[in-house]
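Step one of this worksheet: look at the structure below.
Number of protein chains: 2
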Amino acid sequence: MTIRVLVADDQSMVRAGFRMLLSGEPDIDVVAEASNGLEAIDKAARFDPTVVLMDIRMPDLDGLEATRRILAADPDARVLILTTFDLDEYVYEALRAGASGFVLKDDPPEQLLAAIRTVAAGDALLSPTITKRVIEQFTRIPRPAPPKELEELTGREREILRLVAGGLSNAEIAEELTISETTVKTHVTHILHKLHLRDRVQAVVLAHQTGLFEASARPPAV
Amino acid sequence: MTIRVLVADDQSMVRAGFRMLLSGEPDIDVVAEASNGLEAIDKAARFDPTVVLMDIRMPDLDGLEATRRILAADPDARVLILTTFDLDEYVYEALRAGASGFVLKDDPPEQLLAAIRTVAAGDALLSPTITKRVIEQFTRIPRPAPPKELEELTGREREILRLVAGGLSNAEIAEELTISETTVKTHVTHILHKLHLRDRVQAVVLAHQTGLFEASARPPAV
DNA sequence: TTCGGCCTCCTCCCCAGGTAGGAGGCAGCG
DNA sequence: CGCTGCCTCCTACCTGGGGAGGAGGCCGAA
Numbered sequence: 001m002t003i004r005v006l007v008a009d010d011q012s013m014v015r016a017g018f019r020m021l022l023s024g025e026p027d028i029d030v031v032a033e034a035s036n037g038l039e040a041i042d043k044a045a046r047f048d049p050t051v052v053l054m055d056i057r058m059p060d061l062d063g064l065e066a067t068r069r070i071l072a073a074d075p076d077a078r079v080l081i082l083t084t085f086d087l088d089e090y091v092y093e094a095l096r097a098g099a100s101g102f103v104l105k106d107d108p109p110e111q112l113l114a115a116i117r118t119v120a121a122g123d124a125l126l127s128p129t130i131t132k133r134v135i136e137q138f139t140r141i142p143r144p145a146p147p148k149e150l151e152e153l154t155g156r157e158r159e160i161l162r163l164v165a166g167g168l169s170n171a172e173i174a175e176e177l178t179i180s181e182t183t184v185k186t187h188v189t190h191i192l193h194k195l196h197l198r199d200r201v202q203a204v205v206l207a208h209q210t211g212l213f214e215a216s217a218r219p220p221a222v
Numbered sequence: 001m002t003i004r005v006l007v008a009d010d011q012s013m014v015r016a017g018f019r020m021l022l023s024g025e026p027d028i029d030v031v032a033e034a035s036n037g038l039e040a041i042d043k044a045a046r047f048d049p050t051v052v053l054m055d056i057r058m059p060d061l062d063g064l065e066a067t068r069r070i071l072a073a074d075p076d077a078r079v080l081i082l083t084t085f086d087l088d089e090y091v092y093e094a095l096r097a098g099a100s101g102f103v104l105k106d107d108p109p110e111q112l113l114a115a116i117r118t119v120a121a122g123d124a125l126l127s128p129t130i131t132k133r134v135i136e137q138f139t140r141i142p143r144p145a146p147p148k149e150l151e152e153l154t155g156r157e158r159e160i161l162r163l164v165a166g167g168l169s170n171a172e173i174a175e176e177l178t179i180s181e182t183t184v185k186t187h188v189t190h191i192l193h194k195l196h197l198r199d200r201v202q203a204v205v206l207a208h209q210t211g212l213f214e215a216s217a218r219p220p221a222v
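Those protein sequence lines, which keep their order, are chains A and B.
FYI, our numbering numbers position 219 of the first sequence as 219, with every residue one higher than the one before it.
FYI, our numbering numbers position 133 of the second sequence as 133, with every residue one higher than the one before it.
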């Protein structure tokens with residue numbers, strides 16, 4: 001099964017470069033090109049590529065917004081962001097927009113190919129320099145002292161609170177912990193009562209002010 | 001310049017496997033082995049390896065604590081964490097402990113080799129499946145990296161956002177600013193769209209993480 | 001003057017989230 | 001043994017919040 005690629009970049013030289021690079025790979029086909037965001041959305045819909053290689057800086061509509069819209073239309077679409085600059089803000093933006101990966105145009109060709117295959121396989125990938133920064137972001141932590149009332153929470157409740165503080169909905173939390181949404185609601189209700197809070201929004205505020213969120217950001221449980 | 005590797009894993013078969021795998025690489029030498037955390041710390045100090053391949057589950061002292069201590073002794077040390085299960089909830093803890101990367105033992109050999117070289121070069125790396133999870137975690141949560149969109153907010157919108165971040169309901173905000181609740185809703189809707197957020201909960205998370213919520217610290221009444 | 005951005009307010013509609021109340025399973029403890 | 005706390009899940013109900021869409025007034029820039 002060949003990997004169908006859409007190349008979206010406003011510079012024709014870059015597109016040509018990718019065509020050239022990818023033409024040497026038997027398992028990868030470039031099925032379309034786009035020179036701006038709007039075109040990318042259109043072609044993505046019409047050619048249904050396995051992977052969209054997306055530049056960020058493009059006329060008409062930038063790659064980030066284009067990514068958002070493509071993902072909105074087809075949540076299963078995979079977008080691999082290409083960029084020349086390794087500016088942080090774009091990374092976070094891109095990830096939040098739903099991109100599956102982020103590579104630099106001057107990464108070595110084998111890395112680019114590997115990235116395309118990785119993303120096509122449904123995994124995610126960041127180029128190493130980017131990974132490093134993401135990890136650094138992720139890692140730095142403050143930690144004040146928690147109010148004693150927090151201690152009245154059971155282990156499970158604290159776990160739930162952490163996820164609530166991460167901005168997750170009850171449904172997402174349920175999926176995360178593989179329990180029913182009803183159960184999540186029960187826990188949330190108990191948390192609110194114990195902490196004398198009105199709604200989850202206040203719980204988020206409290207969690208962040210006590211540093212509980214940063215202190216214990218937890219991974220998804222697959 | 002060859003890459004000097006220390007392999008720390010309690011299973012001798014795993015150590016042997018790595019010796020075998022790495023012996024085929026001219027630029028990589030296994031200079032020492034350790035079968036538990038304490039030994040790993042000791043050998044790391046004595047052999048000064050370029051990269052430490054570290055298992056998490058080990059007797060005496062687990063890989064996370066060993067990583068912390070090695071990093072404490074030598075901040076430039078590079079530790080690449082190995083794990084068997086990709087459900088390992090220790091990913092984040094490992095990163096926080098200062099590990100440079102995280103790979104699965106059953107990743108394809110080329111990936112493992114690439115990981116070692118990447119880490120040796122001073123970059124960071126997560127295996128694709130792990131990256132995917134980190135990203136998922138990362139994306140549903142509005143993240144730091146002050147989104148430039150924050151600047152696109154009008155003065156009024158920012159004012160509203162601050163109050164939202166304080167845990168106030170729309171009605172309370174309306175009263176606070178002596179405008180109608182409808183107007184507040186309109187502003188909130190605009191804020192969410194501009195920042196690409198789903199609901200006010202995520203807005204609160206974002207506001208707190210970007211430090212936007214400084215002055216008007218009005219915690220939810222205990 | 002016209003145009004666009006901002007602030008204000010409205011209606012109609014839907015759903016996620018919170019409340020109330022109950023219930024079964026399980027483990028630890030006196 | 002029975003009691004208690006925790007986790008799990010359920011139904012039924014109501015409301016706050018968010019989406020969509022429209023609208024009028026004010027002000028500064030072109």
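For every residue, glycine included, the Cβ atom is placed at its ideal position computed from N, Cα and C.
Remember, it's a predicted structure, so these values are computed and weren't measured experimentally.
DSSP places residue 45(A) in the helix class (H, G or I) of the three-state scheme. Sequence-ordered contacts of the region 155-170 of chain A with chain B read 164, 165, 166, 167, 168, 169 [C-beta pairs closer than 9 angstroms]. Taking 8 angstroms as the CB threshold, residue 124(A) lines the interface with chain B.
Listed along chain B, the residues sitting closer than 7 angstroms to residue 128(A) by beta-carbon distance are 118, 123, 124, 125. Distance from the CA atom of residue 64(B) to the CA atom of residue 207(A), rounded to whole angstroms, is 26 angstroms. Closer than 8 angstroms to the CB of residue 202(B) there is at least one CB belonging to chain A. Against chain B, the CB of residue 68(A) has a partner CB under 8 angstroms away; the residue lies at that interface. Neighbours of residue 78(A) in chain B, taken as residues whose beta carbon is under 8 angstroms from its own, are absent, since the nearest beta carbon is some 11 angstroms off. In the structure shown, the three-state DSSP call for residue 63(B) is helix. Measuring C-alpha to C-alpha distances from residue 66(B) to each of 103(B), 126(B), 36(B), 83(B) identifies 36(B) as the nearest. Within the same chain, Cβ atoms closer than 7 angstroms to the Cβ of residue 41(B) are found at 66, 69, 70, the five residues on either side in sequence being excluded.
At a cut-off of 8 angstroms between beta-carbon atoms, residue 131(B) makes contact with chain A.
The criterion of a C-beta distance shorter than 8 angstroms is satisfied by residue 188(A) and residue 160(A).
Secondary structure of residue 16(A) (DSSP, three-state): helix.
With fewer than 16 neighbouring CB atoms inside 10 Å of its own CB, residue 1(B) falls in the exposed class.
Contact between residue 102(A) and residue 91(A) holds, with the beta-carbon distance rounding to 6 angstroms and staying under 8 angstroms. For the set 29(B), 186(B), 18(B), the Cα lying nearest the Cα of residue 10(B) is the one of 18(B).
The residues 37, 56, in chain order, have a CB closer than 7 angstroms to that of residue 62(B) in the same chain once the five nearest residues on each side in sequence are set aside.
Taking a contact as a CB-CB distance under 8 angstroms, the pair residue 210(A) and residue 126(B) does not count as one, their CB atoms being some 29 angstroms apart. Cβ-Cβ separation between residue 173(B) and residue 5(B): approximately 58 angstroms, too far for a contact (criterion under 8 angstroms). The DSSP-derived three-state label of residue 56(A) is coil.
Chain B places no beta carbon closer than 8 angstroms to that of residue 193(A), leaving this residue out of the contacts. Around the beta carbon of residue 100(B), 16 or more other beta carbons sit within 10 angstroms, so the residue counts as buried. Excluding sequence positions up to five before and after residue 163(B), its CB lies within less than 7 angstroms of the CB of 173, 176, all in the same chain and listed in chain order.
When DSSP states are grouped into helix, strand and coil, residue 159(A) belongs to the helix group.
Put simply, the CB of residue 190(A) is far from chain B, with every gap to its CB atoms at 8 angstroms or more.
Cβ neighbours of residue 73(B) within its own chain (closer than 7 angstroms, five residues either side excluded): 45. When the alpha-carbon of residue 183(B) is set against those of 79(B), 111(B), 157(B), the nearest one is in 157(B).
Taking the Cα positions, residue 180(B) is about 8 angstroms away from residue 171(B). Interface residue (Cβ-Cβ distance to chain A less than 8 angstroms): residue 205(B) is classified as such. Proximity of residue 187(B) to chain A, defined by a Cβ-Cβ separation below 8 angstroms, is not satisfied.
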